[in-house]
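Residue numbering for the sequence shown is 7 to 518, as defined by the working numbering. We treat Cβ as the ideally placed atom computed from N, Cα and C, and that holds for glycine. It should be emphasised that the depicted structure is a prediction, and the values quoted were computed from it without experimental measurement. Scroll down for the structure; my scribbles are underneath it.
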Amino acid sequence: MRENILVLDFGGQYNQLIARRVRELNCYCEVHPYNMPVEEIKAMAPSGIIFTGGPSNVLDEDSPKCDMELFELGIPVLGICYGAQLMNYMLGGKVASAPTREYGRTEVQVNNNSVLFEGVNETTVCWMSHTVYIAEAAPGFEVTAKTDVCPVAGAQNTGRGLYCVQFHPEVVHTVEGTKILSNFVRKVCKCKCTWKMDSFVETSIKDIREKVGSGRVLCALSGGVDSSVAAVLLSKAVGKQLTCVFVDHGLLRKNEGDEVEAVFGPNGPYELNFIRVNAQERFLGKLAGVTEPETKRKIIGEEFIRVFEEEAKKIGAVDFLVQGTIYPDVIESGLGKSAVIKSHHNVGGLPDYVDFKEIIEPLRLLFKDEVRKAGLELGIPENLVFRQPFPGPGLAIRIVGEITAEKVRIVQDADAIFRQEMALAGFDKYANQYFAALSNMRSVGCMGDERTYDYACILRAVTTTDFMTAEAAELPWSLISRVTSRIVNEVKGINRVMYDCTGKPPATVELE
Ligand code: XMP
């Protein structure tokens, strides 16, 4: 049985981060809902279990609880925040409302003779976020950490292999968090930590070959990181048995369609069958007159599927369909999905009626940064591997209001200038996503002696780790002003440039 850590998700916002941190320690790790049946857990035989934090109050009757049997399996358990409170509460400790809420960086005193805190400074800074706390540890537990507010910021019952911390070791603000998680994984769970990306690539290629045999494989390629890495992995495994269909909806960044073709097409380094469908007019036709953001998204998603199906029909029956699904798409929170702000259907997903027998999702267990690592391991060019995220509906959701060919051209040109200047100024690595968008506002300007009545372009650049929240990037004024003057001078149709200073929330990264 391979080493693995099971993260049981109680709805905490950092659930995926815990799994990533464990994987960074080269230990394989999966996230499952808190109510995963004990029988399944036993079958999985994890080396250790981590309970995440969560938004609920353990004192509420209907708050999520775990099966008592989990504490009896002889598998070490680490409870974090809500998970810590739950463990103590269920085992007979006392949880109560804290006299003061602790939020943010907090000094914690730890007993570094305890295994979890081995090698950690006696006073260390941790990230706290809680309103209830463990007032008394459960019987049999020994307190291993405390703060001015929390009498039990950490506790252990080494005999039963149970450990807990009130703070979040997984976030970077907990200065020695990695050490603490490493102590749990290596010293408590006795993991050797040998999980690596090269072994992932090698094993995947072998598994895919075995699975596919002499079958035919179809892949929808968008040019984005995930589908590109999936396609290369498949092409290395089964070569010409793979056909990639690239639907160019004409809403890509400037020259992007040609760039994708250069890498995956007949003159590129890979041996696969590549079909490019130039469908700009078809998509623009469907989008004519449409202004409502969700309608735009739906039209593009549906049209994409239609085009893809038509191509698939020409190819005939295939045995396997490849999808670039990655782990964050797979993980279902223990507490169910949160509100839908936008329908993030990935163009390239969901063809319902294509004739195939089975889906292959070679990246379904990887996080984004791991997909990139796999991409590098596969020899995919860095500019492709580190390409910034680009939404499936493309420029359609960066053009506020109706989409026309002319507006697409305008936003492509402005965006190309912005990206070029960001790279020249060395800010392309600082901002995690940046692009030009087109507002629906026209305003009066003067160029030479002429009056203009043109569109306003919006520059958007954000810093973020997970794209769930984001901050407007603080770009130097000299850079913004250089981009501004280049755009107004070089892009016909724009006479005004604005910088979007809004974070997420309250805004979103994309404009629609
Ligand atoms: P928002 O605008 O929701 O974007 O703050 C967060 C991140 O998701 C990307 N995004 C999409 N990605 N299909 C995608 O594959 C979509 O429909 C989609 N919409 C937004 C966006 O670029 C940002 O990185």
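Sub-8 Å separation of residue i and residue j beta-carbons
i	j	result
Val64	Leu23	no
Ile416	Tyr459	no
Val238	Pro387	no
Glu308	Arg29	no
Ala243	Ile211	yes
Glu99	Ala143	As written in the sequence, residue 99 is Gly, which differs from the Glu given in the question. Result yes, Cβ atoms of Gly99 and Ala143 sit closer than 8 Å.
Val178	Gly160	no
Ile464	Ser445	yes
Phe190	Leu84	yes
Gly183	Gly80	no
Ala437	Thr469	yes
Phe326	Phe362	yes
Ile493	Tyr505	no
Pro418	Lys260	Correcting the residue identity first, residue 418 is Gln in this sequence and not Pro. Their beta carbons are under 8 Å apart, which means Gln418 touches Lys260 by this criterion.
Val296	Glu408	yes
Glu277	Gly245	yes
Val44	Ala25	no
Arg502	Ala443	no
Opening and closing residue of the alpha helix (DSSP H) in which residue i lies
i	result
Gln426	Ala411 to Leu430
Asn284	Counting along the chain, Asn284 falls outside any alpha helix (DSSP H), though it belongs to the beta strand (DSSP E) covering Asn279 to Asn284.
Val28	Asn21 to Glu30
Thr297	First-last for Thr297: undefined, no H or E at that position.
Met203	Met203 to Val218
Glu36	That residue, Glu36, is in no alpha helix (DSSP H); its beta strand (DSSP E) goes Cys35 to Pro39.
Asn519	No statement about residue 519 is possible, as the shown extent of the chain runs from 7 to 518 and does not include it.
Leu187	Gly183 to Ser188
Ile47	Val44 to Met50
Val155	That residue, Val155, is in no alpha helix (DSSP H); it is neither H nor E in DSSP.
With 16 other Cβ atoms within 10 Å as the buried cut-off, status of residue i
i	result
Met474	exposed
Phe314	buried
Gly322	exposed
Leu14	buried
Glu108	buried
Cys87	buried
Gly134	Inspection of the sequence shows that residue 134 is occupied by Met rather than by Gly. Label assigned to Met134: buried.
Ser188	buried
Phe392	exposed
Val223	buried
Met428	buried
Asn389	exposed
Glu300	exposed
Pro52	buried
Cys197	buried
Val489	buried
Asn21	buried
Met203	buried
Asp254	buried
Lys319	exposed
Pro397	buried
Lys435	exposed
Cys35	buried
Ile500	buried
Run of the beta strand (DSSP E) containing residue i, from where it starts to where it stops
i	result
Ile386	Segment: none, Ile386 is in no beta strand (DSSP E) and carries neither H nor E.
Gly451	Gln439 to Met453
Asp254	Leu248 to Asp254
Asp15	Ile11 to Asp15
Asp264	Run containing Asp264: none in the beta strand (DSSP E); it sits in the alpha helix (DSSP H), Glu262 to Phe270.
Gln394	Note, Gln394: premise wrong, no beta strand (DSSP E); not H, not E.
Ala462	Glu456 to Thr469
Ile365	Glu364 to Ile366
Gln115	Lys100 to Val116
Lys152	Glu148 to Lys152
Ala141	Thr129 to Glu142
Gln329	No beta strand (DSSP E) contains Gln329, which DSSP labels as neither H nor E.
Gly89	Element bounds for Gly89: not the beta strand (DSSP E) but the alpha helix (DSSP H), Tyr88 to Met96.
Tyr333	Premise fails: Tyr333 lies in the alpha helix (DSSP H), Tyr333 to Val336, not in any beta strand (DSSP E).
Presumed contact (8 Å Cβ cut-off) between residue i and residue j, rounded CB distance
i	j	result
Pro5	Leu240	An answer regarding residue 5 cannot be provided, because it is not within the stretch 7 to 518 covered by the chain.
Thr180	Cys132	4 Å
Arg466	Phe441	6 Å
Ser62	Gly110	Going by Cβ atoms, the distance from Ser62 to Gly110 rounds to 21 Å, so no, they are not a contact pair.
Val114	Phe57	Contact doesn't hold; Cβ gap of about 19 Å is too wide.
Val406	Leu293	Actually they do not touch by this definition, with Cβ atoms about 13 Å apart.
Leu384	Val235	7 Å
Ala104	Val158	With 8 Å as the limit, Ala104 and Val158 do not qualify as a contact, their Cβ atoms being about 11 Å apart.
Phe252	Leu290	So it is not a contact: roughly 18 Å between Cβ atoms.
The ligand PLP heavy atom lying under 7 Å from the CB of residue i
i	result
Thr331	The ligand PLP is not among the ligands present in this structure, which contains only the ligand XMP.
Contact with chain D by residue i, beta-carbon distance below 8 Å
i	result
Leu65	No chain D appears in the structure shown, which is made up of a single protein chain.
Original post:
Is the region 215 to 235 touching the region 145 to 158 in the sense that three or more CB pairs, one from each, lie closer than 8 Å?
Top reply: no
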